[in-house]
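Below is one structure, written out as structure tokens, with a few remarks after it.
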Amino acid sequence: MNSKSVLSIEFTKESKIIFKQTYNRNIEFFKGFAAVFLGEEYRRIYDSLNADEGTWLKFVEQKSVNSQGEIKQFYYNYGKLIYVTYILGINDLHFENLIVKGVYPVIKDIETIFASYLFLYIQKPEYDAQYNATKKLMYGTMATGLVPVFDMSIECGKDIIQGFNDANEIFRSNKQKIYKYIEGNIDKVESRIVPNVYWRAKDKCAYSSADSSMDKIMDVRDFDITAIKDIIEYQTSDNTIEEQKNLIYNAMLLSKATSVKYQEKGVETKAIKANPASEEVLRDNVDRNIILGKDNTIAWLGLIVNDQEKLEYAMADWSLYSGVSGIGLMYYTEWLNTGDRNAVAILQLILKTMKREYDLGKFESYDISYFCGLTGMYSFIKKVENIPGIELFGLKDSLEKLIEKNIAYTNCYDLLSGVHSAVLYYYGDYKENYFSRKIITAITYHFMDNYKNQKMDDSCSFASFPHGYTGLMTSLLCMNRVVKDDRFSILIKKAWEKEKKLKVSDFNWIDNRKADGSSSHNWCHGSCGIMQARLFWYKEEFLGDIDIDYTEEELFRDLREYKKLIEASNINVNNYSLCHGNFALLDYLISFERLTGERMDKKYTQQIFEKAKEDGYSCMGTQATINPMGYMVGETGIRYLLNRYENKNIKSILVCENI
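The sequence shown maps to residues 844 to 1502 in my numbering.
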């Protein structure tokens, strides 16, 4: 048996004990601490015996709950457990590490006591806003890994919040006793801070493995009972506790909303209501998530839906899709429409922070896509350079060099995160802009050298603009205008035939992600994205360049009929995000009007605006009291769209600024 083995001994009465060959008295520390909040019965579940060679543990058998009352008590205790792990700085817990022991949730492995607190001692942030954002994230409930991002009854969520709240009251009543317990028992704790980095309290050092005979990485002498008290006082202040309770509840609501499609939700989920919201709330919500640094840096921390449509509470990245570049584009339109100097100040802080990240080499491996990579960042910089007094810190030239180099890192299939969104963006001004011509030409050769039809069919076989054949065709049409090649016509015809096979009726294309063969009308995997692309085809008269069974007359008829379909309110959803909701449909109407001169139905737009306010501008298909803040699935994009509606000079992000 080597030093990492775990020994399991099973007895005839079906009970087990486990032996772990580690010096680990974490369980001893944890069960004594948790008993203050969850009682002596909970302490006895964690039955253990420590020896010089390791730790003996009683195996915890799962025990189901059998009544509504027991379910209610389980979730109440779960809320208490979140609180306990929160003020002990325990992180990286996973639901597979939890055991249901009747009305008690039990943690199998307790390796990270104080790890959230210690993280900032080991991983030094590179600028002040990053430090402040990381501190807020690591000192929050989301870091525990126990915040309930699974589908459950709303009532169970309320039980969790009640348990969390009651645990906070227990802490307030027993604060000095709890601090005394920590101080008297802290030397029992050994913590895994990040993979392969451990801290042992009695040694006040970080080591490269759990074996303290290894060379130490660094002293951690400043982390003592005084530091722990300071952090817990911050965590248990009235404002922070309210913030954490709201975060837990809203994360649960948003997870519930994303767990199934809105049409499949039960009455309870559809009944979740938010207070009506004004347009100003959208800007206020984004402003409220700002994290400032003393060194004039800026960051955003909040709920984000990433490009895999997964919910995260995280520091925003630099993408347009869900990160700082998209947030910056929104602030740019705020300045453009109103001359808002506060927005300009925020834009300057974004640029300074972007420069810091660039100098640190953070963008070296970024792809060049418009929605997820460097081109979206470049678009942001090109816009704000026109604001009087803005300093770019050389970022425009720096990004141009990096974009040219990083073409090789970018996939040739998906539009959202691949070369095709970049092609569309640079096509917009390639005739007058040397850099745009240069990049499209370089992308074209990269594409022709690396593209494989079979890989497209395997990974992006969708009737979709950002993720499928429609996006591929649109990009090829652009490349064909810049770099003539007969192979483009062949590829376009093949993609056209594959998209046609997925069309089942007017404006209904099968969504291959769904087993039932159904369709949708959103931008990312539905008719809206496809018809947005068709608008671009119409604007550029692309059909004259290729030989497919689709005429300019048929194209314009379809564009007009799609406008009528939208204005008849036949495809509205309870969602207002650009990626999945009604405001992408509104963006189509704005673009159609500007291209053709045919006015949109003001009665329809007024109804959409009023309903959006009533529904709290929900981005999730249910009216949670908080929205993600990102651009494509969040409030930043909604605010941008409202600004575009008011200003004819603002272009559509949904077609990479070509209309």
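Just so it is clear, CB atoms sit at the ideal spot from N, CA and C, and this is done for glycine as well.
Can you tell me which of E1384, D1138, D1388 and D1349 puts its alpha carbon nearest to the alpha carbon of I1373? Scanning E1384, D1138, D1388 and D1349 for the CA closest to the CA of I1373 turns up D1349.
Just verifying my parser: in three-state terms, what is the DSSP assignment at Y906? Per the sequence shown, residue 906 should be read as Lys rather than Tyr. DSSP, reduced to helix, strand and coil, places K906 within a strand of the structure shown.
Beta-carbon within less than 8 Å of E1107's beta-carbon, same chain only, minus the 5 sequence neighbours each way: which residues are those? Here the model assigns E1107 a pLDDT of 43, short of 50, so the residue's position is not dependable and the matter cannot be decided.
Buried or exposed for S910, going by 16 or more other Cβ atoms inside 10 Å? Classification of S910: exposed, given that the 10 Å Cβ count is below 16.
With DSSP run on the structure shown, which of helix, strand or coil describes G1369? When secondary structure is reduced to three states using DSSP, G1369 falls in the coil class, being assigned neither helix nor strand.
Residue from N1365, C999, L1192 and I956 whose Cα sits closest to the Cα of K1137: Of the candidates N1365, C999, L1192 and I956, the one whose C-alpha sits nearest the C-alpha of K1137 is L1192.
C-alpha distance - N1260 paired with S1212, whole-angstrom precision: Here residue 1260 turns out to be Ser, not Asn, going by the sequence shown. Answer to the nearest angstrom: the Cα atoms are 5 Å apart.
On the DSSP letters alone, give me the boundaries of the beta strand (DSSP E) that K1059 sits inside. In this chain, the beta strand (DSSP E) harbouring K1059 covers K1059 to D1062.
In three-state terms, what does DSSP make of K1018? The three-state secondary structure of K1018, taken from DSSP, is helix.
Among L1484, I1133, Y1460 and R1131, the one whose alpha carbon lies nearest that of L1429: Closest by C-alpha distance to L1429, out of L1484, I1133, Y1460 and R1131, is L1484.
Please classify Y889: does DSSP put it in a helix, a strand, or coil? Y889: coil per DSSP, three-state reduction.
Residues near Y982 in its chain [Cβ-Cβ closer than 7 Å; skip 5 each side]: Contacts found: S959, I1074, Y1077 and Q1078.
Does the structure place the segment 1217 to 1235 close enough to the segment 1167 to 1179 that three or more beta carbon pairs sit under 8 Å? With a cut-off of 8 Å, the segment 1217 to 1235 and the segment 1167 to 1179 count as touching, because enough Cβ pairs lie within range.
Use the C-beta contact count for N1490: other C-beta atoms within 10 angstroms, 16 or more gives buried, fewer gives exposed. Flag for N1490 reads exposed.
Whole-number beta carbon distance between S1420 and V1498, since they are thought to touch under 8 Å: Not really, about 17 Å apart at Cβ, beyond 8 Å.
From M1316, N1132, D1328 and D1058, pick the residue whose C-alpha is nearest to that of L1090; which is it? Restricting attention to M1316, N1132, D1328 and D1058, the CA atom closest to the CA of L1090 is found in N1132.
Do you know offhand how far Y921's Cα is from L1096's? Between Y921 and L1096, the C-alpha separation is close to 17 Å.
Could you round the C-beta distance between L1398 and L1386 to whole angstroms and report it? I think they count as a contact, below 8 Å. Indeed, because the Cβ distance is near 6 Å, the residues count as touching under 8 Å.
What is the DSSP secondary structure of E1200, counted as helix, strand or coil? Helix, per DSSP.
Once you ignore the five residues that flank T1287 on each side, which residues in its own chain have a CB closer than 6 Å to its CB? Once the five neighbours on either side are set aside, the close Cβ partners of T1287 are M1322 and V1326.
Which of helix, strand or coil does DSSP assign to T1112? In this prediction, T1112 has a pLDDT of 45, which is less than 50 and means its spatial position is unreliable; nothing more can be read from the coordinates.
If you draw a straight line from the C-alpha of T1439 to the C-alpha of T1317, how long is it? Between the alpha carbons of T1439 and T1317 lies a distance of about 20 Å.
Look up E1033 in the DSSP assignment and give the residues it is bridged to. E1033 is bridged by DSSP to R1043.
Is it true that the segment 968 to 987 meets the segment 929 to 936, where meeting means three or more beta-carbon pairs spaced less than 8 Å apart? Touching, per the Cβ criterion.
Mind checking which residues open and close the beta strand (DSSP E) that includes S1080? For S1080, there is no enclosing beta strand (DSSP E), as DSSP marks it with neither H nor E.
To which residues does DSSP link V943 through a beta bridge? For V943, which the question treats as bridged, DSSP gives the partners P948.
Would you mind working out which of N1365, H1423, C1422 and I1391 sits nearest Y1405, comparing C-alpha positions? Comparing C-alpha distances from Y1405 to each of N1365, H1423, C1422 and I1391 shows the shortest one belongs to N1365.
Given E969, which residues of its chain have a CB within under 6 Å of its CB, disregarding the five upstream and five downstream residues? Cβ within range, chain order: L1203.
Are three or more beta carbon pairs between the segment 1006 to 1019 and the segment 871 to 886 nearer than 8 Å? By the Cβ test, the segment 1006 to 1019 is in contact with the segment 871 to 886, since at least three Cβ pairs between them sit closer than 8 Å.
Inter-residue Cα distance where the pair is Y1105 and N1418: Residue placement at Y1105 cannot be trusted, given a pLDDT of 37 that sits under 50; what the coordinates show is reported in the next sentence. One C-alpha to the other measures close to 9 Å.
Keeping to the same chain, check which residues put their C-beta closer than 7 Å to that of L1242; ignore five residues upstream and five downstream. For L1242, where only same-chain residues beyond five positions count, the Cβ hits under 7 Å are L1217, M1220, Y1221 and I1224.
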